[in-house]
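These notes are about the structure you will find just below.
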Amino acid sequence: MPNIKSVYNWNTHRRKQCRAGRKRYRVGIRFLASAALCAFLTMPAEANEAWAAETENSTVAVNVEYDNLRELLKVGNRVLKKSIDTYEDNVAAYEEIWSVMKWRQSDMEDLAEEAEEAGSENLALYTSNAAMLKNSASRIRKQIESLTSEKSTRSLEKSADSYTMAAQTLMNSYNQMVLNIEAQSKSVEVYQASSDETERKMAAGSATQAEAKAAGDRLKQAANSLASLQEQARQLRTQLLTMLGLADDENVSIGSIPAPDLAAIDAVDFEADKAKAIGNSSSVQDARHASAASTAAVNRRFNQVDEAEGTAEADFTEKYQEMIVSRTEYLAAAQAYESAQNTYRSLQVKKQAGLLKQSEYLQGEAEYLAAEAAMETASMNLVQAYENYCWTVKGIT
């Protein structure tokens, strides 16, 4: 039977190797991003200076709202603003989006592994965001594969669809990080109070040095988790604003993600939407319109159409099921939050009556904020799942 310690060490070694590999991958992604920047810097001086002047001289407050992402992209995104109308430019645009998605996905996966090893409460958050980013990256990659197999260029609106989808994902992830920062900040406050109390007890001889060290370690882990969330929020904000062509300064504010439209979600017509998704799939359209000059070629085309339709149907069904699961999780989180609100109100009454220690109140407040964060995160996950479903119906997969 293998030694448990040896197995643990081997698994730890493998995880470190995987993280190291992903770090090398991100270096490559950053190199590609730098190359794209160099290409921009080599634009004609007049165009470059005009763009810089427009950006630097802008002192008007800009509110980035979920519902106006598409308009902001068309006005501010360099690629869309210049109305890409060549095949090569379209491919390059999608590759840039895909690189950003994969870069963020890889970072989130690393953070999830580190959180798992450290026993951090951020594990579920990082894991779900990595999956969200992976989903968008997969969609963009399919768009790239579709573009490289087509002779004609894609329309500007099709490009705007893909950019909007990517911006929605970045904005959703950013808001989730910001939301959980508040809850994690309260956890740090709780652990700080606990650590201080343990130190006082140790000085009085009623707590051991080991207990004080354990309290200090919990505080350090909570503080590290908070710092990680803050850094991820900063990076996501920068990447979203860069995609929108906006300067990252105090004049720009990013709004919240709207609440999920349960009425719209409950009203979806599975069969009708499935037919639309299959019909709008670029792979299905390519297969249906493929030329066939012989009986054998016709038979091949029929097989290719069947295969493309089957793949499109499977993808649509998957997005539908993800939406239903997200709806269930959201309702459960909302119910748990309602219960937490009742508990928190009771806690406030006890505090006003002088029946609680400050540390007990802080702990209860932290639990309430955690339940609120869980509900809002589930809400944003449902919004994303519904958007993914709608994009699939439109053929943006």
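Residues -47 to -1, 1 to 350, numbered by mature numbering (1 follows the signal peptide of the UniProt record, and there is no 0), are exactly what the sequence shown covers, in order.
All C-beta atoms, glycine included, are put in the ideal place defined by N, C-alpha and C.
Start and end residues, beta strand (DSSP E) containing residue i
i: Ser206; result: 205 to 207
Proximity winner among the options, relative to residue i (alpha-carbon distances)
i: Met85; options: Glu48, Ser112, Asp170, Tyr127; result: Tyr127
i: residue 360; options: Ala176, Gln162, Glu70, Ser52; result: Examination of residue 360 is not possible in this model, given that the chain is present from -47 through 350 alone.
i: Gln337; options: Asp268, Lys35, Asp214; result: Asp214
i: Ala14; options: Lys95, Ala156, Ala200; result: Ala200
i: Asn341; options: Val53, Ser159, Ala90, Met196; result: Ala90
i: Ser178; options: Glu142, Thr151, Thr161, Glu203; result: Glu142
i: Asp259; options: Val278, Gly232, Lys272; result: Gly232
i: Glu150; options: Leu172, Glu135, Ser138, Gln137; result: Leu172
i: Ser206; options: Thr191, Asn75, Arg94, Phe269; result: Thr191
i: Glu318; options: Thr330, Ser332, Val302, Ala331; result: Val302
i: Phe269; options: Ile349, Glu98, Glu325; result: Ile349
i: Lys347; options: Ser244, Arg94, Val44, Asp226; result: Asp226
i: Ala120; options: Leu22, Asn295, Leu64, Glu184; result: Leu22
i: Gly29; options: Glu18, Leu194, Ala136; result: Leu194
i: Thr345; options: Ser140, Arg254, Leu76, Gln96; result: Gln96
i: Thr296; options: Tyr339, Ala228, Glu325; result: Glu325
i: Ser292; options: Gln311, Arg92, Leu322; result: Leu322
i: Glu24; options: Arg92, Glu110, Lys87; result: Glu110
i: Tyr144; options: Met155, Ala168, Glu224; result: Ala168
i: Asn88; options: Thr122, Glu98, Thr330; result: Thr122
i: Ser234; options: Ala165, Cys343, Ala68; result: Cys343
i: Glu152; options: Asp170, Gln137, Glu135; result: Asp170
i: Ala289; options: Ser138, Ala230, Ala77, Ala331; result: Ala331
i: Asp222; options: Arg31, Ile277, Met196, Thr161; result: Ile277
i: Gln294; options: Glu320, Gln162, Ser52; result: Glu320
i: Val53; options: Lys310, Ile93, Met155; result: Ile93
i: Gln137; options: Leu64, Val44, Pro211, Ala180; result: Ala180
i: Glu271; options: Ala249, Tyr339, Gln305; result: Tyr339
i: Glu48; options: Glu98, Leu335, Glu62; result: Glu98
i: Asn334; options: Arg280, Gly307, Leu315; result: Arg280
i: Gln316; options: Lys139, Leu100, Thr248; result: Lys139
Span of the alpha helix (DSSP H) around residue i
i: Val32; result: 31 to 34
i: Asn16; result: Where Asn16 is concerned, there is no enclosing alpha helix (DSSP H), although the beta strand (DSSP E) it sits in stretches over 15 to 17.
i: Leu307; result: Correcting the residue type first, residue 307 is Gly in the shown sequence and not Leu. Element bounds for Gly307: n/a, residue is neither H nor E.
i: Ala240; result: 235 to 241
Contact belief for residue i with residue j at Cβ below 8 Å, rounded distance in angstroms
i: Met130; j: Leu182; result: 5 Å
i: Ala46; j: Ser112; result: 6 Å
i: Ala189; j: Thr117; result: Here residue 189 is Leu; the residue named in the question, Ala, does not match the sequence. Not quite, the Cβ-Cβ distance comes to about 17 Å (not below 8 Å), so this is no contact.
i: Gly198; j: Val17; result: Between Val17 and Gly198 the Cβ distance is about 11 Å, and since that is not below 8 Å, they are no contact.
i: Gln238; j: Ala71; result: Rounded, the Cβ-Cβ distance is 48 Å, inconsistent with contact.
i: Ser115; j: Ile50; result: 7 Å
i: Arg254; j: Ala243; result: 5 Å
i: Ser147; j: Ser312; result: 6 Å
i: Pro211; j: Tyr19; result: 6 Å
i: Ala160; j: Lys166; result: Ala160 to Lys166, Cβ: 10 Å. No contact.
Exercise for the section: Can you check the segment 50 to 106 for any alpha helix (DSSP H) of at least 4 residues that lies completely inside it and give the ranges in chain order? Expected result: 76 to 101
Problem - Secondary structure, alpha helix (DSSP H): runs of 4+ residues fully inside the segment 165 to 227 - result: Fully enclosed alpha helix (DSSP H) runs of 4 or longer: 215 to 219.
Practice task
Check whether the segment 52 to 71 touches the segment 79 to 94, taking contact to mean three or more Cβ pairs, one atom from each stretch, closer than 8 Å.
Solution key: yes
Exercise for the section: Please determine if the segment 279 to 289 and the segment 254 to 267 are in contact, where contact requires at least 3 C-beta pairs separated by less than 8 Å. Expected result: no
Exercise for the section: Could you tell me which uninterrupted beta strand (DSSP E) segments, each at least 3 residues in length, are contained entirely in the segment 106 to 136, listed from first to last along the chain? Expected result: none
Problem - Segments assigned beta strand (DSSP E), at least 3 residues, entirely inside the segment 277 to 341 - result: none
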